[in-house]
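Chains as they are written, first to last, in this note's numbering: chain A, 964 to 1168; chain B, 964 to 1168; chain C, 964 to 1168; chain D, 964 to 1168. One structure is given here, and the rest of the page talks about it.
4 protein chains.
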Amino acid sequence: MSPRRRDSESTAAARAERRAELLAAAAEVFASRGYSATTVREVADAAGMLGGSLYYHFDSKESMVDEILSTFLTDMWAAYDRVLGSGLGSRETFRALVAESFRMIDTYRPAVVIYQNESKHLAQSPRFTYLADSQRRFREMWLAVLDRGVLDGVFRADLDTGLIYRFIRDTVWVAASWYRGDGPLSADEIAGQYIVMVLEGILST
Amino acid sequence: MSPRRRDSESTAAARAERRAELLAAAAEVFASRGYSATTVREVADAAGMLGGSLYYHFDSKESMVDEILSTFLTDMWAAYDRVLGSGLGSRETFRALVAESFRMIDTYRPAVVIYQNESKHLAQSPRFTYLADSQRRFREMWLAVLDRGVLDGVFRADLDTGLIYRFIRDTVWVAASWYRGDGPLSADEIAGQYIVMVLEGILST
Amino acid sequence: MSPRRRDSESTAAARAERRAELLAAAAEVFASRGYSATTVREVADAAGMLGGSLYYHFDSKESMVDEILSTFLTDMWAAYDRVLGSGLGSRETFRALVAESFRMIDTYRPAVVIYQNESKHLAQSPRFTYLADSQRRFREMWLAVLDRGVLDGVFRADLDTGLIYRFIRDTVWVAASWYRGDGPLSADEIAGQYIVMVLEGILST
Amino acid sequence: MSPRRRDSESTAAARAERRAELLAAAAEVFASRGYSATTVREVADAAGMLGGSLYYHFDSKESMVDEILSTFLTDMWAAYDRVLGSGLGSRETFRALVAESFRMIDTYRPAVVIYQNESKHLAQSPRFTYLADSQRRFREMWLAVLDRGVLDGVFRADLDTGLIYRFIRDTVWVAASWYRGDGPLSADEIAGQYIVMVLEGILST
DNA sequence: GATGAATGAGATTTCATTCAT
DNA sequence: CATGAATGAAATCTCATTCAT
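Laid out in structure tokens, this is it:
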């Protein structure tokens, strides 16, 4: 490996790392103040630079959310696809998907919050059609899992699967809005209890 | 009753009705575009008037959300208080509160959506301290119901009540974001299925 | 004519008149400082309002030049078309077109200056394709007139018509950059002398 | 001559050459996009470097145009002065000045374009007073030539010399905006035809 | 009650310029 | 010499709000 090669690698890597840092700062602010209510200046403050300086790294405020969301969704689908491809039964697929979702919340909390709060509005813009696509695919994935589970006799047949789907979806993702990595329960513990609640209900038997 | 009195009554009533119409339009727009992303002009368009004209009726954009949210919350607490004051058991109180919440979603859908999406940000302003108050009271109410239910042996003791509380809260209110009054299921039917899911789980037994 | 009708007429007319006033101010500033060197604030100052207020009337700085140029070009082509449609001979067509051009300079001086200085740059943007179209049509018009004149024996055959065309085009329009309506010579007098110079040359005979 | 001296000479020469290259690139961009509309980054792109790097060579964007224009004007006046000092008659002086001007366009096309488009605006700044000076001197030179020619009986006496001056000035320089060195006609051929047109007119006799 | 024009604060974005490496 | 990141001033544009009519 020539020094030249190492140089260009390290600068490209440094660049990517800087972008990631800035996006992390931006995501935090977007998540806590709301995307359209946060000013570019606030993002820059959080990143320790001046407003205009962000434009050296990003085209626009919009391109920041774009990168935040698309990075998250790409990773999320990779994780889901691993689960779906591993040949588990209905019940285990269910567990694994919920657990994976909580791991996503753990890793990408601000991105998930932004996704929850803004994707409906953003999706109207042509730049963000992938949000609607992701949502559609998400729905199809869950309905497939649930329908298979009903046929298998794993899930109850007396409930509307569309309703169950929404129930799970909301239930899982909204956790991002209150989850703190530094709380008493780890992501996996929370996932575990959620799974129990959803599968068995909260009634004592 | 003098004609004068009748006049002022009818104009006062007409005035209130006009306000309500305008607020309904505003709520719809705030809910669909997001509060800080919607312009006063958009609200005015939806109300069939020009931007400046809204200021005859309202002090500010902020006072519109304020009135939207406080009207909704006042009504919601009246309903909850009726339930809490009627001496039901844990299980029935649970059912009734969830059912009441779905009725709220049915009646105040846009307000509920705004509440979901914006209350965290708005609550920072002194004008909206009642939002945080409401949230606190809401939490206390549910924890009381759940704790009593655990003591009664109605609810499982092996789950974190804080987690159950959040589970229910999110589960119920997020429904506002997809609920349409004109869908196939009525509010009460949806509430019924939700209650079954939450109480008994989705596994077949 | 009902008062109603007169009202709506007068407000629509007032609106159009205000736009025209503002565009006149803008054109003056664009012409003297250059389009991209003049700030919206300078235009607003010239119009006696604040920067933001211009956006009540116009979408953008660009839409101002757009309207300035397209208004001018529309009128110019109407005038040229009248000339071309009136069945004059080569020499008289030539005279009439040059005279009409000077009249345009008289009426639309700032617009003509802007056209001269900025159209090459602006034409790159898709919004301003009509500028290139106009230029093409202009070239075809003059070449037709000149070619016919050469065939008629009115114009010399020993000169490149393409060169004559450019000679005339530049010669005529650049006058906008120094012409003042309040100078000693009227537009028609200047046109007269230009025509003599171009037709007969500056040598004494 | 010491090696040291030779070194510094060669690096000074290299330095000057690099400056010239960069200025050539800058002039091209300023000419095609307009001075104030082109960004330093665009100049740098054209020069194959990054924006900041230009500041190793030049103080500012302004000093670039400054050097471009002053180099051109210095050379132009040297050429004109040679003509004026060579004792030619009115007609020959006329011819020689026009021919020299077309040679300038050939050599300094982008600089001439910039001069045409921007000098009026730039001249306002104290740094560019030499532009106004040059223009004044140019006017005096031509009026002297024309007035002498009228007295000599070479030029027509029935035309306003001020008008002829402008006619010639515009006619000649605007050619820079369309002239391409690689076109079918050489600079001297174009100059020849222009001279004929201006002197004898375009009418056949 | 509503309109239409304007205000003015502030948001996003641009860009010439600087400077450590 | 050149890079890449940052600065900071200023530009374009947005929008809640005001107000005369």
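Virtual Cβ for every residue (Gly too), placed ideally from N, Cα, C. Note that the structure is a prediction, hence the values are computed from the model and not measured.
Minimum Cβ-Cβ distance from residue i to chain A less than 8 Å
i: I1165/B; result: yes
i: A1120/B; result: yes
i: W1141/B; result: yes
i: Q1156/B; result: yes
i: V992/B; result: no
i: G1144/B; result: no
i: G997/B; result: yes
i: I1077/B; result: no
i: V1003/B; result: no
Nearest-angstrom beta carbon gap, residue j and residue i [assumed within contact, 8 Å]
i: A1074/B; j: L1032/B; result: 6 Å
i: R1119/A; j: I1077/B; result: Incorrect: roughly 34 Å between the Cβ atoms, too far for contact.
i: V1028/B; j: L1085/B; result: 7 Å
i: G1179/B; j: S1167/A; result: Since the displayed chain B opens at 964 and closes at 1168, residue 1179/B lies outside it and no answer follows.
i: A1009/C; j: E991/C; result: 6 Å
i: R1111/D; j: S1053/D; result: 5 Å
i: G997/C; j: S999/D; result: 6 Å
i: G1011/A; j: D1069/A; result: So it is not a contact: roughly 26 Å between Cβ atoms.
i: M1160/B; j: L1122/A; result: 6 Å
Contacts around residue i, its chain only, beta-carbon distance under 6 Å, and the 5 residues preceding and following it disregarded
i: L1036/A; result: S1097
i: Q1156/B; result: none
i: A1042/C; result: E1063
i: D993/D; result: The question names Asp, yet the displayed sequence has Phe at residue 993/D. Once the five neighbours on either side are set aside, the close Cβ partners of F993/D are T1001, I1077.
i: T1092/D; result: none
i: E1005/B; result: V992
i: A989/D; result: V1006, M1027
Residue i at chain B interface by Cβ criterion, 8 Å
i: A1172/A; result: As displayed, chain A neither begins before 964 nor continues past 1168, which places residue 1172/A out of reach and without an answer.
i: G1052/A; result: no
i: R1058/A; result: no
Interface flag, residue i vs chain D, CB-CB below 8 Å
i: P966/C; result: At P966/C, the pLDDT of 43 sits below 50, so the modelled position is not reliable and the matter cannot be decided from this model.
i: V1117/C; result: yes
Same chain, Cβ closer than 7 Å to residue i, neighbours up to 5 away in sequence not counted
i: A1059/A; result: V1046, L1051
i: I1158/A; result: R1058, V1061
i: L1109/D; result: F1118, T1124, I1127, Y1128
i: A976/B; result: none
C-beta neighbour in chain C for residue i, strict 8 Å
i: M1012/D; result: no
i: Y1093/D; result: no
i: V1108/D; result: no
i: L1162/D; result: yes
i: V1137/D; result: yes
i: V1159/D; result: yes
i: A975/D; result: no
Spatial neighbours of residue i in its chain, beta-carbon cut-off 8 Å, leaving aside the 5 residues before and after
i: A1154/C; result: V1061, A1062, S1064, F1065, R1066
i: Q1079/A; result: W1136, V1137, A1139, S1140
i: V1113/D; result: R1119, A1120, T1124
Which residues, taken in chain order from the region 1122–1135 of chain B, show a beta carbon closer than 7 Å to some beta carbon of chain A? L1122, D1123, L1126, I1127, R1129, F1130, D1133, T1134
When the Cβ atoms of the region 1145–1161 of chain D are set against those of the region 975–983 of chain D, are three or more pairs found closer than 8 Å? no
The region 1131–1138 of chain D touching the region 1132–1145 of chain C, judged by at least three CB pairs closer than 8 Å: yes
Closer than 8 Å between beta carbons: that is the criterion. Which residues of the region 1026–1047 of chain D meet it against chain C? Of all residues in the region 1026–1047 of chain D, none is placed with a Cβ closer than 8 Å to any Cβ belonging to chain C.
Please identify, using Cβ separations under 7 Å, the residues of the region 1080–1104 of chain A that lie next to chain B, in order along the chain. Hits within the stretch, in order: N1080, H1084.
Identify each residue in the region 1058–1075 of chain D for which the Cβ-Cβ distance to at least one residue of chain C is less than 9 Å, and report them in chain order. none
Evaluate contact between the region 1019–1026 of chain B and the region 1102–1112 of chain B, counting only Cβ atoms and requiring at least three cross-stretch pairs below 8 Å. no
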